[in-house]
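>
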Amino acid sequence: MRRKIVVGNWKMFKTPSEALRDFNEFVEISGALWDRVDLGIAAPAVSLPGMAALRTNGVAVHSQNSHWEKEGAFTGELSVGMLKDLNVRGSVIGHSERRQYFAETNATAGKRVGALLRAGLESIFCIGETLAERERGDLKKVLRAQLVEGFEAAGLHNASDVIGADANRPLLSIAYEPVWAIGTGKAATPVEAQEAHAFVREVLGEIFGADCASRLRILYGGSVNPANATSFMSCPDVDGALVGGASLKPVAFVELCQKAQ
Ligand code: PEP
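Laid out in C-alpha cells, this is it:
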C-alpha cells in the first residue's frame, strides 16, 4: 500500500516573510496529518533557509530546482550540497514551466534527478504532455520519452537507485502533470489521470522492475483543488497531488491535503 503524498508548488509567489508566515500556519493547522499523508511545500530558493530552519520534518521543504554538478560556474543554480546543508528534503524537477520558459529538457531534468537521488535527497520528477501532443494521439509516446530519456541521463537503472533507504518513502516520485491542465482550472478527468498514471507505472516497471514500480508514488498535478481532490485520490494509480494555485492559501491547502487520507 503506497502512502499518499501531497506537495504544494509555490512557484514564484510569496516573499520570504510571507512564505514563512504561511508555512507556519500550514504546519500548525495541518496538525498531525503528516502522520498519515506525506506533506511538503516546494518554495522559492530565497524562502528555503527560513522554512527549512523550522525543522518541521513532518512537513517537508522542497526546492523547485537543483543542479547536477557539485559546484561550479553555474550562475543562478543551486547545488544538492546547498540544499542538504539547509535540511531541504528534495526538489521538484522538470516542471513544465521550467521546460517551457527555461529550456529544461528530459536530459537536463534527468541529470538533476540523478544528482539528488545519489545524495539521498528526494525528487519529484515532472512529466506531461501538451494539448497538441494529446490531440495528435502522442500521449504515451511523449510520456515514455520523458521517462526513458530522463532516467538514461540520470544514470538511474536499478530499483535501489530510486527507492533509497526507506522503501515506504522512495526517494523518487513522478508527477504526471498534463501541461494543458496546469493553472488553467481545467483539470484532467480522473479517468484520464488514471489512464496516464497506469501507463507511467508500466514504463517505470520496464525500467526498474515491477516490484519497484509498485512502490513508487505517482502524483497527479493540474488544477487540483479541495473540491476535486477526492476524485483523483481514489484512482488506484494516483498516489497524491502536486498542487500549484490551491496550495497558496494555508486553510484551503490543508482542506485539500485532508482528502488524501
Ligand atoms: C503546478 O504548478 O505544478 C500545478 C499543478 O499548478 P496548478 O495546481 O495551479 O494547476
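For the sequence shown, our numbering gives the first residue as 435, with consecutive numbering after it.
The C-beta atom is built at its ideal place from N, Cα and C for all residues, glycine as well.
Specify the secondary structure class of D469 as computed by DSSP and reduced to three states.
Residue state for D469 is assigned as helix, using DSSP reduced to three classes.
> Residues in its own chain within less than 6 Å of G589 by CB, not counting five upstream and five downstream?
G548
> Taking the alpha helix (DSSP H) that V480 falls in, what are its first and last residues?
It is not in any alpha helix (DSSP H) - V480 carries neither H nor E in the DSSP assignment.
> How about S525: is its Cβ closer than 7 Å to a heavy atom in the ligand MN?
In terms of ligand content, the structure shown lacks the ligand MN and carries the ligand PEP instead.
> State buried or exposed for Q498, treating a residue as buried only when at least 16 other CB atoms are found within 10 Å of its CB.
By the neighbour-count rule (16 or more Cβ atoms within 10 Å), Q498 is buried.
> For the region 531 to 591, list the alpha helix (DSSP H) runs that are entirely contained and at least 4 residues long, ordered along the chain.
540 to 552, 565 to 569 and 573 to 588
> Does the beta-carbon of A686, which I'm using as the reference point, lie nearer than 7 Å to any heavy atom of the ligand PEP?
no
> With a threshold of 7 Å, establish whether the CB of K683 neighbours any heavy atom of the ligand PEP.
No, the Cβ of K683 stays beyond 7 Å of every heavy atom of the ligand PEP.
> Between which two residues does the beta strand (DSSP E) carrying L606 extend?
L606 to Y610
> To the nearest angstrom, how far is it from the Cα of I652 to the Cα of V461?
Taking the straight line from one Cα to the other gives about 24 Å.
> Between the region 556 to 573 and the region 605 to 622, are three or more C-beta pairs nearer than 8 Å?
Yes: at least three Cβ pairs fall under 8 Å.
> Can you tell me which of P684, V495, K574 and L473 puts its alpha carbon nearest to the alpha carbon of E626?
That would be K574, whose Cα lies nearest to the Cα of E626.
> Over what stretch of residues does the beta strand (DSSP E) that includes H631 continue unbroken?
Careful: H631 lies outside any beta strand (DSSP E), inside the alpha helix (DSSP H) at P624 to F642.
> Under 8 Å, with one C-beta from each stretch per pair, do the region 501 to 508 and the region 520 to 530 reach the 3-pair mark?
no
> For T664, is the classification buried or exposed, using 16 other Cβ atoms within 10 angstroms of its Cβ as the cut-off for buried?
exposed
> I'd like to know whether the C-beta atoms of G584 and A543 end up nearer to each other than 8 Å.
yes
> Is the region 485 to 497 touching the region 576 to 583, taking contact as three or more C-beta pairs under 8 Å?
no
> How many angstroms separate the CA atom of D600 from the CA atom of G506?
Their backbone Cα atoms lie some 31 Å apart in a straight line.
> Following a CB-centred definition, is E611 positioned closer than 7 Å to any heavy atom of the ligand PEP?
yes
> Can you tell me whether DSSP reads S497 as helix, strand or coil?
Looking at S497 - three-state DSSP - the assignment turns out to be strand.
> Mind checking who I652 pairs with in its DSSP beta bridge?
I608
> Return the chain-ordered list of same chain residues with a C-beta closer than 7 Å to the C-beta of G674, the five sequence neighbours on each side being excluded.
K438, I439, V440, R651, L653 and A694
> Using C-beta distances below 6 Å, list every residue in its chain close to T490, excluding the 5 sequence neighbours before and after it, in chain order.
V461
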